Structures are given as structure tokens and as C-alpha cells.
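Notes follow once the structure below has been shown.
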Amino acid sequence: MHLPDAAEPAVKAEAATTAVRDNGEPFDWGACSNRDIHARVHTKQQAVDDALRHAMEICRELRAPSDQEEPSAAATSFEERCGREIVEWMEETVKLHETSEAFEVLIGVAGRTGAGKSTILNMLLEIPELLPSSNSEAATSCACRVSWNNDDTPGRQFRAEVVFRSKEDVTKELQHIFSMVQERQDFNEEEADDGDDAFERMEEEAEIQNAIAEGFKKISAVWGLDEETAECMSAEALLLSNPDILQLLGTTKAIYSQDPEQFAETVKPYLDSSENLQGFRAWPLITEVRLFVKASFLKHGVVLVDLPGLSDAVESRAEVANKFAQKLQITAIVAPARRAIDEKTGVQLMSDYQTLRMQLDGKYHKKSFCVVVSQIDEIDCDVFIKGDARAKKDARLLKDTQDIKVLTLRSADRGRTQNEEATALAKIDEKLAKADTKLTALNPSGPGSRRIKKEKSLQDRLAKVKEEKKAIKLSHTKQKKKLDRAAQKKAETDQELVMAQARQKWTCVWLRNKHITRAIKHDFAQRQKTLAREMRHRNEYDGSVDVIPVSATAFRDHLKNRQPIGFPTARHTGIPQLRQWLADSTLERREEHLDALLNALRRLFLSIQHWSETNCGGQAVQFSRDIIQDLLSRTHSKFLTDLEMELKRGSNAVKTLDPFKQMEERRAHCRREACKAATRWAVKAPEDKSSAVLMHWTTFNAILKRNGGPHYSQGREKREYNFPEAMVVSLLVVVLEGWHRVFRVEIPSAEIPIMKGIEKIWQQYLDELRDQFQAAAPDVMPHFEDSMQTIRGIMDEMRDKVHAALKSLSECSSEVHPEFLGSLRDQLTPIFEGSLNLKGDGHFKRRRRHLYDEVKEASDDIFTAGHKKMQRRYKANVAKLPQAFSEMAAFAGAKVMAQTTLLLDRLGGATGREWAVADMQPSVQQRLQTAIMQWQLDWRLPKLDIECLKREEAGIPREFEEEVVVAPVKTEVKAEKSEGEGGEPMVVG
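Under UniProt numbering, the residues of the sequence shown are numbered 1 to 989, in order.
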């Protein structure tokens, strides 16, 4: 078999992607290729859901004994009651249901502590308090994955699985901590040979003390013991001191709840180091936390993964993080806006090794990678305007800024006027109160009051006071109107001020977003240039990347019906756009998965439909079953042989592909790069190629003691140092082009010639079957042609399987290249240890020289060992291909034979019936017929959710959209108090 050249295959490979073929059946999902991918995926998802629902219902009907059956019949085994093919049909239905349920697209969310990852994840799910914010290293110390909850049991709408570390894993860490305590004790008992030695020993002791302090921080969190108490214990004694903790190790704890807030509170102690769990803190003991929730965003296989990083000091957690990293299909890097604006780009939050890893995995492109600029609401407009050149030239922003100054003064002025009017009203209220007091005094009650009230002097005084009160009331009404007018003007001014401030904030946010986005896109384009030449035919490698600015806190305000300043709609927060981007990024993978399911479900449907049509043509069809089966057996045997040979040719052709050819050709170059990498290990900013400033010798020594890292500097500029990863970048970056050619182009493109060969063999087989039926049983031909639709569909399933096998081989790159890093660590560890043995005066320089000399001498061995380990892992994956192809041939043969057997069973014959169900009751037959007809109807006229087919606009608007904002303004009115006057402040507005 000849593989196509590497110049064009990318385009062809895309065209060969698995798809549902329209073989003539009038199904809506088979005729939706002209719709956009969003509509196609929705249509196919509905078709899969409908098919599995009906298929599982048919399985239940077949399994349930009839009400009219005798107990002895019910006791008969299912295998005896049903034909072999029916049993296999049901088993395959269950497997397809499990495959549908197990489908996942993993989306990794990465970023520094405090970047707002947890809040963003909560807003994507619209469950505000699900994940605690990252307020410490422990909050992100273990991987946390959130996926759809398939459990519909009442009270289990939310569930969690907390995976605790094994006893062996925890014991190993505790033993390491106690060994450092012993090492510190040994240091204290020894004497230094000279001053230099004493100074170095002091530095080493400080390093040990820092490591001990970090270890006892975990011991204190879990066991509640201080360092002085705990260091007198052994690892085993410490574990045995708390049986409750010991019982947790190696277990998985399940948590259930129907209330999201209650659920969040229950899982919080396992995610947040600030929370206690029955007297202790659990976070140091946890490997992984899995959350399952009823959030619509996750419904069709989307899994959000919050990763703490790939360099955890705890091996079990590092292993989990690395496994996730290999499986991630999509990565979102979260960079806070305040940090991204200061750095060159937010993309630099990824190390060079992480970037290389994504490139080698084939995921460093716009369909699998995006940058999320978080916390865009945190902005000081005055500072931004002064420091941004474009802000100083933005006419609208300048006008709003000037308006804010004017409106602020006007608001203060009108506030004073309002307070003056309120004070005047308060004085009138006092006069009114005094008038009421006089009226009360002039209106006596009790004995003799009637006589007193008749006195003319009293009546004159009462009339006068009433006139005074009337005048006061009139004055009060006028003053109240004046106060209302003043309050209204104040409220209007405050409303204008709030709107101007909101417009100003949004404009500043927009301008800063634009600046950050441009910088990130430029940086990404430069980094992707290495791949551009080889992948120029693939539109996802066009150098662009989506940058999505978000404010999770502003979106949360909208979620809780509050109006955040500067973000008039939820769309302005960016969360809807991020949610849509993530959902869209899964569509191609979902469609590929759904196509494979539908091709298999179509065969199951047509099989059960044909089976249900008992004796389609009655007994009028005359044929010899034995003769036909003999002819079919010979033809089928030849078909299987040809198919196996074709698949073997395809497998052998793939075996000739060598992703390491370029690496072998550049062996000398790689040796030089290894030496260069060793010379830059001591550089303070190794990513800056123009810098030669060395790190402090204590930092260098600390890295060597950690076998090259990872080590995190604690200075003002926090950096992660990792010598082995830095060297891997230097060595493997040179093989990117050849690596991509094989894994991303040539392996996927192998599908085209393989499928051409299969299609040719398939057609020859069908032609021979047709000729044999025509010659041996011409009356059977109409029914034979009816079965051909199903048999042709089996070839589509073959295409799905070939595509899946080659895709699996293509994606094995994510487990191949880490072998080089593992090998490199093994090779460098003794070199680092040997360097540490050089002590005394000038040891920093001598250690650097020692590393260079040793790496130079061992560079060939280093390269060869890593090369061989990668080759072994790659060949192990390639070796799986022949077996997978052999299983495909067996699958095709079995399914085609099952269809021909079904055809003969439908038409009758002298031998037993493989597809028959013994003694099926009419009521069961009727229910089965109804289920099959409803299945067909749902596929022909699906009940699609019109709202889901509508694609709402989710992009971030440029304009502020002032008309949608209702800004509540409360004005506090303070009435000035004259001496001796009382009264409370009033609130108006």
C-alpha cells in the first residue's frame, strides 16, 4: 500500500474524517450534512438519545418473561429462550449505551494561584459557591475534575468522590520528613573543617530547615501536632496515633446531596486548607477530588479539570496531574488582567516545557487552546487613563472623565441643597409638632372641661392656633415639594454620575482588553511559527488564538440579579463567550463520537426491524438453505482473507513511518544543545536569551539538591526552575517538524488508502453475494437487496474503527515524548549528586563547570537513552495496530454473517433459527413492534428542541448598552441640626 506524500495529506485527512453516510434511509440525522455543526451535533445527539432509549426498552421487553408463561418457562435461561443473535444484539446495545455514557472531552484550566480559576469554573456551571477560591497552596494541591452527574437517584443530584492517598504513599513522605530531621541533627553534631565549609553547612542546614518546616506544616494540619512533639515520633507511630485518619488512607469517600449550597459546604474541607474536617485538615492526604453535578454545560461529556500543576512534590498527586495532562483535549490558560498587562503576554504563564508539551501533543492551536484574561473588573480608571496612550486619545473616555468631575461637584452641590431643604422641612415639622402640642393643651378633657371649652378666650386662642397650624401645613407642603425637587435633581445627577462612571469603567476595561489580546495573539503567533510550515494546510494552525477577557464576579452579580458597575449585561462579563467557546471546541469531537454510535445503532435498528418482520414473504419463497449457506461460506471465507490482507498491508505501511528520523539526523546538533542548556542552568532568567546574570549560589544549590527541580524561588520575582525540563526543550524542539509530519499528517492520512482498499473488497464481496443469490434462489433477491443497506452500513462502522485506531496511534504522542524526560532525569541525577560533592571555596563556579563537563561527556548517552525509550513506547503502540485491525476484520465478518443469517431466518428454512425468540407471546410481540415503529418515527421526524438550535449571540459587545441598565441610586439626606433641636436623618430616593 502506498501512503500519500506528506505535502498534501492534511487536507485529505480532514476529508477522510469519520462521518455518517447517507445510505438512503429517510432518517433526519442522516440528511443533515448541509446544516452547521451546532445543528448537526444537536440533531445527532437527539438521534442517539432516542435510539438508546428505544433499544434499551426493547431489551427490557425481551428479557422480561411473559405474564402468561408458566414458572418453569420463566426459570429457563435467557440464552435458551432467545436465539444467539438476539442475545448478542442486546449485549451490543448495552455496550453502546455504556460507550455513550463514558464519552468525555477533558478541558483543563490552568493558571497561577489567585488567577480566579475556581470562580470562573463556578460561573461556567452557574453554581456560585461550588468550588472555594484558591486562597492557599492547598486549595490547588490536588486535581479536581467536575463532570455531569448521571445518577438520577433522589437526593443525589450532587455527588463527589474524594480519593485519599495510599498508606504507603503517606508513609513514604513522612519517612522523608523524619529523615531530614535526623540529617539536621547530624549537622548539629558535626564540626566544620574551615570557615568556608561552616558557611556552606549553614546554608545547607537552612535549606533542610525550610524543607522540614514545610513538611511539619502538613503534619500539623492533619495530626494537630507541633514540630517539637512530632519530631520525636516515627512515621508509623504518627500514622497509628489517629485511627480515624489511618482508616481514610487508600479509600474513596462518596458524598451526596440534593442542595448545591449544602454540597459545597460538605466538599469544602477537601478542597480548602482553611477548613477543618472533624478536628483535622484533610488536604495533605488527598490525591484527587471528582465532582458530579447537574449542570447543563457538562451534560454531553464536557469535563472541567482544575489542575494544580505538573510538578507536585507528592508523587501520587503529580502522577494524577500528569495523567490528566496527557488526556486533556482542550486547555484554557487563565491570566489575571492586572498581571497580563504588566508582563509581555499572558501566554508566558506557561513554561517553555509546557508549551513544547502541547506542541508535541498536537494541541497548541486555536481549536484546542485559549487564553482567559480574568478579573478584568479590577481596574483603577484614573491610573489607567494616566498611563495608557490610547486612553488619553479616546474622545468618549475623555468626555466621561470630564463629566464625572463635573457631575461629582454638581452632586455634592445638590446634596448640600437637598440637605438644606431637608433641614428647613425638619424645622417646619418641629413647628407643626409645637402647634399640635398647643392644640392638645387647648382641648382639655375631664371634669369641667365642657365648661372651660365654652369660654370665649379659650375659643379665640384655639382658633388662632388652628390658623397657625393651617399656615404651617401649607408651608410644610411647599417645603416638601421643594425637598422632593431637590432630591429628584440629586438623584438624577447621581444617576448620570453612576452611568458616566460605568461607561468610563467599561471603556477602560475594553481598551485594556484590546491591548492584552493583541499582545497575547502576537506572542502566540511567534511561538507557533515552528509548526506553521509543516501544518500550513490546516486552518487551525494559522497562528491565531482566542483570547477571552472575563469578569466572573460581575457575572455572579448578574446571576444574583445585582447590577455590577461597568458591566451592563452578562455578555459584557465575557463568561457567556467563554462558555460558548468551550462548548464549540468540543463539537468536532462530539460529532465524531456520535457518528460512530449512529453507524452502529443504524445496524442494530435495521436488524431488529427486519427480525420483527416474521416471514416477510410468507412461505411462498422457495429456496434451499443448505445450498445457500454452503455458497455463502466459501464467499465469506474469501472476503475475510482479502480483508485481513488489506488491513495487514495498511498496518505494515504505518509501521514504516518514523517520527524519530529527524531526531537521529540531528544527533550532533542535539548534543551541542545539551551542552548549551547546561551552561544556562545557573542563569537567573533562563528564558531571556540575552541575559547572563547568574542566580544566587544558594538557589543553585537548592535546585541541585532537588535533582534539578522543580524548585520555586521565593524572591520578589517568583520563578520555577527545572533543569531537566529546560534541557528537554532544547533537545526536542528541533524535532517538531518531523514529529508533526508523522503524528499529525501521515498517520491520519493512512486512513485514505486503507479505506479505498476496504471499499474495493467490500464491493467485490457484495457483487459475489448478489450473483450467488441470483443463481441459487432468485425469489430471494428482493429480500437480499433489502438487507444490503445494513451490510453496507457495516463498512461505515469499519471506517469508524480504522479512524479510531489511527487516531489513537496519532494521539499516543502524548505518552511517547514524556519518556525522554523520564530518561533524562535518570541520567542527570548522578551528575547533580556528583556536583554537590564539590565543596569549599569557589564551589559555585566549580559545580557549574562540573555539570557542563559531565553533560558534555555523557551527552551522547543521554540522547541515546532518551531516544530509545521513546522509540520503545512508540513501537509498543504501533504493535497494537495489527491486533486492532485483525479484530476489525473479525467484527466485519461476524456482523455480515449475522445479517445473512437473519435474512435466511426471516425467509424460513429447514434448520434452526439463530434470530428466533421461542414462544413469544402476542402481547410482547405487539409491544416490540410498537417500540420499533416509534424508534423509526423518532429518527424520521425527531422532536428537536427549537431553543437549542438557536445560537444566541455571546460575544462581548463593544458598546456599553446604557439603555439596559437600571442603576438604583439612594441619596442620604442629612438635616442640619440647630442647637437644641432633635430629629433623625431622612433617606430619600
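Yeah, the Cβ is synthetic: ideal placement off N, Cα and C, and Gly gets one too.
These figures come from a predicted structure and were not determined experimentally.
Apart from the 5 residues on each side of it in sequence, G834 sits with its Cβ closer than 8 Å to the Cβ of H850 and E854 in its chain, given in chain order. Within a 10 Å sphere around the beta-carbon of H572 sit 16 or more other beta-carbons, which makes this residue buried. Apart from sequence neighbours up to five positions away, the residues of its chain that approach S859 with a beta-carbon distance below 6 Å are R671 and A674, ordered along the chain. Under the DSSP definition of a beta bridge, C144 partners with V289 and D306. The continuous stretches of alpha helix (DSSP H) do not include P686, and DSSP gives it neither H nor E. The beta-carbon distance between G866 and L828, rounded to whole angstroms, is 11 Å. This is too long to meet the 8 Å contact definition. The C-alpha of P748 is placed about 22 Å away from the C-alpha of F891. Nearest Cα to A491 within the set T408, A678 and K478: T408. The secondary-structure analysis by DSSP pairs S257 across a beta bridge with F158.
Annotation: D945 is outside any alpha helix (DSSP H) and is labelled neither H nor E by DSSP. Non-local beta-carbon contacts of I754 in its own chain, meaning distances under 6 Å to residues more than five positions away in sequence, involve G650 and V802 in chain order. In the DSSP assignment, L106 falls within the unbroken beta strand (DSSP E) covering V105 to G111. Here K481 is exposed: its Cβ has fewer than 16 other Cβ atoms, across all protein chains shown, within 10 Å. By the Cβ rule, the region 397 to 416 does not count as touching the region 577 to 586, because fewer than three pairs are nearer than 8 Å.
Taking the Cα of Q262 as reference, the smallest distance to any Cα among R357, P284 and R159 is reached at R159. A distance of 9 Å or more separates the beta carbons of T355 and V163. Taking 8 Å as the upper bound for CB-CB distance, L304 and R145 are in contact here, some 7 Å apart. Under the 10 Å beta carbon count, N122 is surrounded by 16 or more other beta carbons and is classified as buried. Comparing alpha-carbon positions, the option among L497, D771 and E57 lying closest to A931 turns out to be E57.
Excluding residues up to 5 positions away in sequence, G215 lie with their Cβ nearer than 8 Å to the Cβ of H176 in the same chain.
With distances taken between CA atoms, I212 lies nearest to E183 out of V222, E183, V734 and L694. Nearest to R741 by alpha-carbon distance, out of D658, Y270, P154 and A884, is D658. By DSSP's assignment, T331 forms a beta bridge with G108 and F369.
In this chain, the beta strand (DSSP E) harbouring D546 covers D546 to P549.
Following the DSSP letters along the chain, one finds E759 inside the alpha helix (DSSP H) bounded by residues E751 to A776.
Excluding five sequence positions before and after A332, the CB atoms of its chain that fall closer than 6 Å to its own CB belong to V109, C370 and V372, given in chain order.
With a 10 Å radius around the Cβ and a threshold of 16 neighbouring Cβ atoms, N837 comes out exposed.
Pairing Q504 with T401 gives a Cβ-Cβ distance under 9 Å. Under DSSP, S374 takes part in a beta bridge, and its partners are P336. Under DSSP, the beta-bridge partners assigned to F164 are I286. The residues F773 and Q774, in chain order, have a CB closer than 7 Å to that of M781 in the same chain once the five nearest residues on each side in sequence are set aside. Looking at I628, N707, D905 and P830, the one whose alpha-carbon comes closest to that of E768 is I628.
Around the CB of S787, 16 or more other CB atoms lie within 10 Å, so the residue is classed as buried. Counting of Cβ neighbours within 10 angstroms places L640 among the buried residues, the total reaching 16 or more. In the assembly as shown, D938 is a buried residue. Its beta-carbon has 16 or more other beta-carbons within 10 Å.
Comparing alpha carbon positions, the residue from E101, V729 and R512 closest to K392 is R512.
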